[in-house]
Amino acid sequence: MATLYVYAVTPLRARALEQKIEESMPGVDVTVFGKLSDFKAALESAPPDAALSPKPVLASLNRAADIQGLKAGSDTEQYLLVSTRALSKEMLSGLRYGIVDLVERKSLPKFVAGLLGVSNAPEVQRVTKIEDLLQLLQFQTADAVLLPERFRADFESRSKMTFTILSLSTAKVGLVAVTFLSERQTIESAIRRLPKHVLADLGVDEWK
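Numbering-wise (the working numbering), the sequence shown opens with residue 1037 and increments by one.
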């Protein structure tokens, strides 16, 4: 049976997303990972036929995007800077940030600096779930968090806190893509047939 590993930034639990994808891809054994470190370890120890994850994850693994996800014709999504305090672009270098893991721990501060458009790598806390970002702000363990724009409404509705939100032109992140390690044909056709509601969970609306 063809195998597909998945790591995605989504509010869904890994098991729930796994069931939705697997139901839509009969004949493919799907494993969804909740942690980036587990996804990377499994890719090395038991390589699948294909892997699906945000483009920065594939880039950090030196893997090419063989199929790229698109949303409204774009292969990137906007990330928002969310804080409970007043924000200005001048103060970005000195803040502590939270973000859902997209690259290796040692590479993450530099990656976040690129999103912020600053030269100095800031202090960054990695989390595994979108909801964890809210806790970073609630407990003031981060001054601001980087959140995919598609989760803004849900994020704001979960809290009574008042947020300051900045949309930076530099804060764009590659959407999910697929890299093939071996068996391409079976998995590619199955991925291209994924229904719209599953694509929406992955943050895209079509493939190119």
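From the three backbone atoms N, C-alpha and C, an ideal C-beta is built for every residue, glycine too.
Return the CA-CA distance between residue i and residue j, expressed in angstroms with no decimal places.
i     : j     : result
L1116 : P1184 : 6 Å
S1060 : E1224 : 13 Å
H1233 : G1130 : 40 Å
V1042 : I1166 : 17 Å
M1127 : Y1133 : 12 Å
T1177 : S1218 : 42 Å
A1080 : A1087 : What sits at residue 1080 in the sequence shown is Glu, not Ala. Taking the straight line from one Cα to the other gives about 12 Å.
M1197 : T1120 : 7 Å
R1229 : W1243 : 10 Å
Q1114 : T1039 : 30 Å
P1084 : K1125 : 42 Å
I1103 : F1187 : 24 Å
D1179 : L1169 : 11 Å
V1163 : G1070 : 10 Å
Starting from residue i, follow the beta strand (DSSP E) in both directions and report where the run begins and ends.
i     : result
S1119 : 1112–1119
S1089 : 1086–1090
R1051 : Premise fails: R1051 lies in the alpha helix (DSSP H), 1050–1060, not in any beta strand (DSSP E).
L1106 : 1103–1106
With DSSP as the reference, label residue i as helix, strand or coil.
i     : result
E1219 : coil
K1142 : helix
S1203 : strand
A1180 : strand
A1038 : strand
G1130 : helix
A1226 : helix
A1044 : coil
K1208 : strand
A1095 : helix
Quick test of your reading: residue i and residue j, contact by CB under 8 Å. State the CB separation rounded to the nearest angstrom.
i     : j     : result
L1072 : V1093 : 7 Å
L1152 : T1206 : 7 Å
P1044 : L1238 : The sequence given here places Ala at residue 1044; Pro does not occur at that position. Their Cβ separation, rounded to whole angstroms, is 5 Å, which keeps A1044 and L1238 in contact under 8 Å.
I1135 : V1066 : Actually they are not in contact, since the Cβ atoms of I1135 and V1066 sit about 26 Å apart, beyond 8 Å.
D1111 : L1211 : 6 Å
Q1161 : L1173 : That belief does not hold up - the Cβ atoms of Q1161 and L1173 are roughly 11 Å apart, past 8 Å.
Locate the alpha helix (DSSP H) running through residue i, then write down its first and last residues.
i     : result
D1065 : Unbroken run through D1065 is the beta strand (DSSP E), 1064–1068; no alpha helix (DSSP H).
L1072 : 1072–1081
V1240 : Careful: V1240 lies outside any alpha helix (DSSP H) and carries neither H nor E.
Can you list, in chain order, the stretches of the beta strand (DSSP E) that have 3 or more residues and sit fully within the region 1148–1196?
1159–1163, 1180–1184
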